[in-house]
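Visitor: There's a structure below that I have some questions on.
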Amino acid sequence: TSAASGSGAGVEPKAKRQRVPNKLRTTILVVTEVDDGNFEPKAPEEARACYGNQIGCIIRTTATINDEKLQKIENMRSSLLKKFHQIFLFPGRNEKDYKDPDEDPTMKKINKHGMTKFSDTLGAWKNRVKAKIIDKEPYSEIVKDNPTITEEQFQIFKEACEAEAAKKSLST
């Protein structure tokens, strides 16, 4: 045997499996237990497992890739939290007295953590798309994985990425 055997050298990488796009749930998940540390669903398993995925779906269907500082955009917090609470029914949620989940005092920590997750997820989405722009992927390819990005939004985002790259190259 050669020295390269076992190291994977010369072996073709496996083809990237086509993933089913993530979809926003249309049914509510009753959360029975919340983690005291991060205020995310702990039980049932289904709620825990899809939490991050649903945060991503909500952000991509509510915000645009060019949005900055979600808290400063009029009605954005309210819109994100309403969609969030339409998917996850947390223990202690008082829908009778508080139609707006952002006004429900028992949801304060859950909402605060949710907004942080939305901001982090928006940043991760931008980084993924920016990496594809750097790799010179055309909009026609990028939109396959990011169907909520319009061509106009994409052009604005791409120009911002290129301007940022030009600024970095000047400062080095």
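In this text, residue positions in the sequence shown follow my numbering: the first is 9, and each later residue adds one. No residue lacks a Cβ here, since even glycine has one placed at the ideal position from N, Cα and C. Note that the structure is predicted; figures quoted are calculated from it, not measured.
1) What residue ranges within the stretch 43-94 form continuous alpha helix (DSSP H) runs of no fewer than 4 residues, ordered along the chain?
2) Per the contact definition of three or more C-beta pairs closer than 8 Å, is the stretch 151-166 in contact with the stretch 109-126?
3) Would you mind reading off the limits of the alpha helix (DSSP H) that contains Tyr-106?
4) Assign Ala-55 to one of two classes, buried (16 or more other C-beta atoms within 10 Å of its C-beta) or exposed (fewer than that).
5) Whose C-beta lies closer than 7 Å to the C-beta of Glu-159 among residues of the same chain, with five residues either side of it excluded?
6) Taking the alpha carbon of Ala-51 as the point to measure from, which residue in Leu-78, Arg-68, Phe-96, Ala-71 has its own alpha carbon closest?
7) Based on the DSSP output, what are the partners of Phe-8 in its beta bridges?
8) Exposed or buried, which one is Ile-36 when buried takes at least 16 other CB atoms within 10 Å?
9) From the DSSP output, in three-state form, read off Val-19 for me.
10) CA-CA distance, Cys-169 and Gln-79?
11) Just the Cα atoms here: how many angstroms apart are Lys-134 and Thr-34?
12) Taking the alpha carbon of Ile-164 as the point to measure from, which residue in Leu-32, Asn-74, Cys-58, Ile-66 has its own alpha carbon closest?
Guide: Reading off the structure:
1) Within the stretch 43-94, the complete alpha helix (DSSP H) runs of at least 4 residues fall at 53-70.
2) Here the stretch 109-126 makes no contact with the stretch 151-166; the two share fewer than three CB pairs at distances below 8 Å.
3) Per DSSP, Tyr-106 is not a residue of any alpha helix (DSSP H), being assigned neither H nor E.
4) By the Cβ-count criterion, Ala-55 is buried, with 16 or more other Cβ atoms from all chains shown falling within 10 Å of its own Cβ.
5) Around Glu-159: Tyr-147.
6) Selected option, being the one with the closest Cα: Phe-96.
7) Residue 8 cannot be examined here, being either before or after the span of the chain that is shown, 9 to 180.
8) The residue in question, Ile-36, is exposed, as its Cβ has fewer than 16 Cβ neighbours within 10 Å.
9) Collapsing the DSSP output to three states places Val-19 in coil.
10) The alpha-carbon separation between Cys-169 and Gln-79 amounts to approximately 23 Å.
11) Distance between the alpha carbons of Lys-134 and Thr-34: 26 Å.
12) Checking every option, the nearest Cα to that of Ile-164 belongs to Asn-74.
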